[in-house]
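The listed protein sequences derive, respectively, from chains H and E.
Counting from 818, one number per residue, gives the positions in the first sequence under the working numbering.
Counting from 35, one number per residue, gives the positions in the second sequence under the working numbering.
Glycine included, every Cβ here is placed at the ideal spot set by N, Cα and C.
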Amino acid sequence: MTEPLIRLQGVTKRYGSGQAELLALKGIDLDIQAGEFVAIMGPSGSGKSTAMNILGCLDTPSQGQYLFEGAHVESLSRDQRARLRRRYLGFVFQGFNLLARTSAQENVELPLLYRGDTANVRRTAAAKALQAVGLAGWEHHTPAELSGGQQQRVAIARAIVTEPAVVLADEPTGNLDTQRSHEIMGLLMALNRDHGITVLMVTHEPDMAAYARRMVHFIDGRIAKDAANPNPTTTAPDVPIAEGAV
Amino acid sequence: MLYSVFMLALRSIRRNLLRSFLTILGIVIGVSAVITMVTLGNGATASIKAQISGLGTNLLMVRPGQRSGPGGGGGGGGGGVPQFNEADAEAIAAQIGGVAAVAPEGRASATVVANGRNWATSIIGSSNAWFDTGNWKLASGRIFSDEEQQAGSAVCLIGETVRREIFDGTVGQTGLGAQLRVRKFSCIVIGILAGKGQSGMGDQDDTVVVPLRTLQRRVTGNLKVATLLVSMRDGSDATRLKASLTQLLRERRKLATGDDDNFNIFDTQQLAETLSSTTQVLTTLLGAVAAVSLLVGGIGIMNIMLVSVTERTREIGLRLAIGALEHEVLLQFLIEAVVLSALGGVIGILIATAASWGLSSLMGVPYAFDPFINLLSLAFSAGIGVLFGYFPAKRAARMDPIEALRHE
Ligand SMILES: Nc1ncnc2c1ncn2[C@@H]1O[C@H](COP(=O)(O)OP(=O)(O)O)[C@@H](O)[C@H]1O
Ligand SMILES: [Mg+2]
């Protein structure tokens, strides 16, 4: 077995103190190999988002270790974690979080601006990412002119434009209808399958989780079940994925 | 790095054009108020200085009667006060050191007629020294000859206004050599004075100058001299000169030790200083009031930047999540504030330039562009951006990305 891309060891997360103290994660051990497609499931309040925030290097564990490619994330500073995020991670949120009154292209270019890429490099990369999510030709539309599904696809383009190792998606289909949800899942699946991007996704819906090749169940801050999906969904509704994109 | 952050800031400004404009409105008003006030004030000061130097530099105007304001003495002198005469002028020139020229001046009002036109103007009778004391230059022609002065000949020089009103449109347009009728006599125009332009003391160019004796004999019919114009040499001590002038005149007018002066000496230089320092104080005051409005504009920027930071919490959360460093977010908001306020400064300068240009021509003062105050206002407004943008920017940079993303 190769060195895992991600390794959580005895990770706990404590919120508040004294009477108000709450243990959101109660000792998590989790290894994720590069190239996996993992669905994280579980009831509301079971610690899924807390775990995703730690995995996404947005937060640090109260106790325990988080190794990303062998590096100890829990001992990194705020800015060091930001650098790690901009280099290796892409985020997809439930609420899309696109900049309003800003074209799809500029939204997708945003992470590249922080990397200091030139306008030319940014434009090319953004066009490629938008093509990969099936939005070629929509570069100049603002979020208000796009449907929810299209907005989430712009967000996915923004997540993959930096060619990250991992895409983290916390309930990416939570705001979408079933049809759009399947489209988004098909997209994530294709990114994972065709481009080897590791995908970590939180979802409530078994239908969506079924696309993943591994399912991790959280209950009350612990991993209750962690098993491979013997029969992942592979036939998503028709979503155009350009060959060689990303 | 700085460039891309700058681009980010510009994009944000462009994205919220209306709000950006409202944000900088305070700065725009502040800057344009400051610059307009200072520019108009400078213009007023400059015009007062020009008017007074038009009267002649280092000029003392001595008039009979108690002290009176500029232009107020007239020459009436009040009940029973003895007037001056030509001998007084000669005595001053002969006995007081530091004097460059002394001109006795008599005035009368008259309508002059020539070329089929007439024009009401003031007739000045004086000597050739008058042209020195008043800094007059000749546009053409000549000044009086000694014989003409002695004899009180019918010769005259005319000011630019008189030339324009009477002789514009004639051959040569100057009127040189023409016969100008003044009341009951006619004089030959021997010279044209170069124009001085409009002045606070009235139109100095609206005048006809004749030898003093000519005025006394043919116009006023008496030997009185209303004013003695005394110009000082450069670098002479005005205070000492005035003291010895006062003493000489007291002796000549036979005043006893306890008597008040029955004449007054009016110093144009002193007047210039007093007036221009007054306008400078006014300019400073108005500028200060306007500067307060600039400060209020700055607080406006901070207020709206704070609102903007709160409103854009999710955006900030997103930026942080995708890997923006703390100082990059700080810089972005700071640059946004600075670019906004500097933009306000630039718009303010444009408005101020238009406004002070228009207002100064309306008020009849010269438009005095002051690069210093423009640069200062621009720097000041950018500084306001830094000052009042820092706190909101710091707040944005310190946000927890998770909390920020959850913000509704
Ligand atoms: N910032 C926080 N402060 C206090 N409690 C929190 C915070 N974030 C999450 N929690 C608590 O931690 C527990 C796990 O939350 P979360 O990870 O969001 O659950 P899930 O995403 O599985 O619904 C919940 O009880 C939640 O109330
Ligand atoms: Mg959650």
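Short CB-CB distance (under 8 Å) between residue i and chain H
i: A427 of chain E; result: no
i: M397 of chain E; result: no
i: I436 of chain E; result: yes
i: A355 of chain E; result: yes
i: E360 of chain E; result: yes
i: L42 of chain E; result: yes
i: L52 of chain E; result: no
i: L56 of chain E; result: no
i: E349 of chain E; result: yes
i: S38 of chain E; result: yes
i: L439 of chain E; result: yes
i: L352 of chain E; result: yes
Close-in-space but distant-in-sequence residues of the same chain around residue i (CB under 8 Å, 5 per side omitted)
i: L409 of chain E; result: none
i: L810 of chain H; result: Because chain H is modelled from 818 through 1063, residue 810 of chain H falls outside the range shown and cannot be assessed.
i: F891 of chain H; result: For the sequence presented, residue 891 of chain H should be read as Glu rather than Phe. Correct list, in chain order: T877, P878, G881, Q882 and Y883.
i: M858 of chain H; result: K865, V1019, T1020, H1021, P1023, A1026, M1032, V1033, H1034 and F1035
Buried or exposed by the 16-neighbour rule on C-beta atoms within 10 Å, applied to residue i
i: T73 of chain E; result: buried
i: K230 of chain E; result: buried
i: D987 of chain H; result: buried
i: H999 of chain H; result: buried
i: N1048 of chain H; result: exposed
i: S54 of chain E; result: buried
i: R274 of chain E; result: exposed
i: P928 of chain H; result: buried
i: S395 of chain E; result: exposed
i: Y1028 of chain H; result: buried
i: L319 of chain E; result: exposed
i: E124 of chain E; result: exposed
i: K171 of chain E; result: exposed
i: F910 of chain H; result: buried
i: Q366 of chain E; result: buried
i: G77 of chain E; result: buried
Neighbour flag for residue i against chain E, beta carbons, 8 Å
i: G933 of chain H; result: yes
i: L875 of chain H; result: yes
i: L930 of chain H; result: yes
i: T1076 of chain H; result: The structure shown does not extend to residue 1076 of chain H, since chain H spans only 818 to 1063, so no value can be given for it.
i: D994 of chain H; result: no
i: A899 of chain H; result: yes
i: N914 of chain H; result: yes
i: E923 of chain H; result: yes
i: N870 of chain H; result: yes
i: L927 of chain H; result: yes
i: R831 of chain H; result: no
i: F910 of chain H; result: yes
Local conformation of residue i per DSSP, three classes
i: M433 of chain E; result: coil
i: N924 of chain H; result: helix
i: F297 of chain E; result: strand
i: P981 of chain H; result: coil
i: Q117 of chain E; result: coil
i: Q361 of chain E; result: Contrary to the premise, residue 361 of chain E reads as His rather than Gln in this sequence. It is helical.
i: T995 of chain H; result: helix
i: F908 of chain H; result: strand
i: G60 of chain E; result: helix
i: E139 of chain E; result: strand
i: W955 of chain H; result: coil
i: S160 of chain E; result: strand
i: H441 of chain E; result: coil
i: N408 of chain E; result: helix
i: A917 of chain H; result: coil
i: V399 of chain E; result: coil
i: W170 of chain E; result: coil
Contact set for residue i: own chain, Cβ-Cβ below 6 Å, skip 5 residues either direction
i: A355 of chain E; result: P435
i: A1041 of chain H; result: H1034
i: V65 of chain E; result: G379, G382, S411 and S415
i: E194 of chain E; result: G229 and D239
i: S156 of chain E; result: R141, S143 and T241
i: N162 of chain E; result: I177 and F178
Close beta carbons around residue i, own chain, < 7 Å, minus the five adjacent residues each side
i: Q129 of chain E; result: L282
i: C221 of chain E; result: A188, V189, C190, L214 and V244
i: G1013 of chain H; result: G852
i: A976 of chain H; result: G907, F908, V909 and V984
Sequence-ordered residues whose beta carbon comes within less than 5 Å of a heavy atom of ligand 1: Those satisfying the condition are, in chain order, H:Y832, H:A841, H:S861, H:G862, H:S863, H:G864, H:K865, H:S866 and H:T867.
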